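Residue numbers (my numbering): 1 to 593.
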């Protein structure tokens, strides 16, 4: 039947199946693989080619090509398989060895332990690190078809090799003696590491988390857990086939299934997360980094007090970690997430326990500058107030550098009628002795008055206009001519309130008067005359309105006015209680200049 099939099928390529020739055609019309069912021919060719070092490539191709599509039959020979494997290994064709092994294991055919040991030793001796994942796969495949005791020996055979020792550096130094390799801790650690490596190759992150939790629970050496955690961090950073899900999310949730998990597990999960967060930030993978932070926050891991597992990043300060986490939110489009991160950690910068470097402060400053341009006006005020060196003075930072930022935001708030925010911002600026442009202060006061926010307007005037004052009992007021209507109206209120004790007893026929001098501060005569008109208009703003009349010009050519006593008394009857409390209890003034 075999001869019959061979005659009926397409003829085999004589050059390809020759020991001394090779087929030079890219598209040959003759077959280079044994036909289905022609196992005898396949075994014959493998036997012949395996004996010739120049034909080993073809021997492996013929074997894998045939048995990839056909099951082993009556002509299959284990000695032929072993001959092929040994020949390939001695020739250093390790990739071909694994190709043949994958096909044989798919048919539940396992080579002898002697060959496996030789293969592991070869990989070890040649330091072929790229084949470690293949060794992991092979170990677990073999374990399905051999006795458990042999399986443990195979595990030890793999992990006792220099290949894995190099991967995990000096992880096994604590098990240096032969006797120690038989204790349960060593066996659990070995088994766990192999399974973790296999999970990484298979991208089974949930299972990896379960194995990792088991390793952490049984290991008595923290340095072992640290090195394994570093390997896991590297595995989680690898490009996953699933572009949507985050490997760290499945891993961390699997590890932290039990809320009462011991602190060691929680700490190292956090350190793995910090390692990923810093690396994603460095590589500009903003969304991935943000999701890592969200996972750690959901699992209640305080990542800001932990160190990275990567040696070049393990010195990041707490300030730096908070800045990085915030920036990941900001650059991935979540302004609220960025604000929440800063607020959650109370805008932390530095402390005796958690110091930071000048570069950390500069990075935080740059972050807050960008954040301030994307938040609401009230939130922007909060951001500016938490710039480094503002709330807690620092020798490293001169807060005067922030004046343009505060001034710009004050201007925006005033122009867009966010007056309560503008007033709070003004208070903060002056409390920190940051310069305020007087024209901006005047504009704010005018808008507060026009918006009937008189209480806030009075607070601003009372605190920031020390040049305009009235002494109790002195029935005279001097006001600069550059004041606007709202400012003049508030000056008149203050003047009347300060002289309330003298005004209220007077009768309508009393000869006493309240005089006002409009002091020249401008050289332009037209501006000075306009100031007089503003004063007359300002008297109409208080409720009830006051009556002011022009009287004369003094020797300095300054206009003199008289405030009608009866209108002042009428205003006091309506406003005396709050006016006395507001104006007579004058706080320490602050000069905006």
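Just so you know, even glycine gets a beta-carbon here, dropped at the ideal spot from N, CA and C.
Owing to the predicted nature of the structure, the values given are computational and were not obtained by experimental measurement.
DSSP three-state assignment for residue i, whether helix, strand or coil
i	result
residue 26	coil
residue 507	coil
residue 292	helix
residue 353	coil
residue 202	helix
residue 534	helix
residue 257	coil
residue 358	helix
residue 191	helix
residue 285	coil
residue 266	helix
residue 251	helix
residue 520	coil
residue 366	helix
residue 275	helix
residue 585	coil
residue 580	helix
residue 498	helix
residue 598	Because the chain in this structure spans residues 1 to 593, residue 598 falls outside the shown range and cannot be described.
residue 179	Because residue 179 carries a pLDDT of 46, less than 50, the predicted location of this residue cannot be relied on, and no value is offered for it.
residue 573	helix
residue 526	helix
CB of residue i within 8 Å of CB of residue j, strictly
i	j	result
residue 271	residue 229	yes
residue 332	residue 364	no
residue 236	residue 137	no
residue 506	residue 573	no
residue 304	residue 278	no
residue 96	residue 65	no
residue 15	residue 22	yes
residue 504	residue 457	no
residue 514	residue 562	yes
residue 542	residue 483	no
residue 215	residue 225	yes
residue 386	residue 354	no
residue 135	residue 123	yes
residue 46	residue 80	yes
residue 558	residue 534	no
residue 82	residue 62	no
residue 324	residue 377	no
residue 436	residue 430	yes
residue 276	residue 265	no
Paired residues, beta bridge with residue i - DSSP
i	result
residue 222	BP columns for residue 222 are empty, so no partner.
residue 58	Looking at the DSSP assignment, residue 58 forms no beta bridge with any residue, so it has no partner.
residue 515	476, 562
residue 12	31
Backbone CA spacing between residue i and residue j [nearest angstrom]
i	j	result
residue 300	residue 250	16 Å
residue 582	residue 296	51 Å
residue 462	residue 382	25 Å
residue 613	residue 396	No answer is possible for residue 613: it lies beyond the span of the chain, which begins at 1 and ends at 593.
residue 17	residue 203	41 Å
residue 11	residue 43	18 Å
residue 516	residue 544	19 Å
residue 306	residue 425	36 Å
residue 349	residue 356	7 Å
residue 440	residue 384	18 Å
residue 451	residue 529	27 Å
residue 201	residue 247	12 Å
residue 208	residue 195	8 Å
residue 571	residue 442	25 Å
residue 576	residue 525	37 Å
residue 446	residue 370	31 Å
residue 449	residue 486	6 Å
residue 567	residue 537	15 Å
residue 89	residue 284	43 Å
residue 414	residue 375	17 Å
residue 98	residue 109	13 Å
residue 326	residue 419	29 Å
residue 84	residue 127	23 Å
residue 116	residue 359	54 Å
Short CB-CB distance (under 8 Å) between residue i and chain D
i	result
residue 285	Within the model displayed, chain D is absent; a lone protein chain is all it includes.
In chain order, which continuous runs of the alpha helix (DSSP H) of length 4 or greater are located wholly inside the stretch 390-448?
403-415, 419-431
Could you tell me which uninterrupted beta strand (DSSP E) segments, each at least 3 residues in length, are contained entirely in the stretch 536-561, listed from first to last along the chain?
548-553
Whole alpha helix (DSSP H) elements within the stretch 204-249, 4-residue minimum
205-218, 222-237
Considering only residues of the stretch 37-125, which uninterrupted alpha helix (DSSP H) runs meet the minimum length of 4 residues and lie entirely inside it, listed in chain order?
39-50, 56-67, 78-90, 94-106, 113-125
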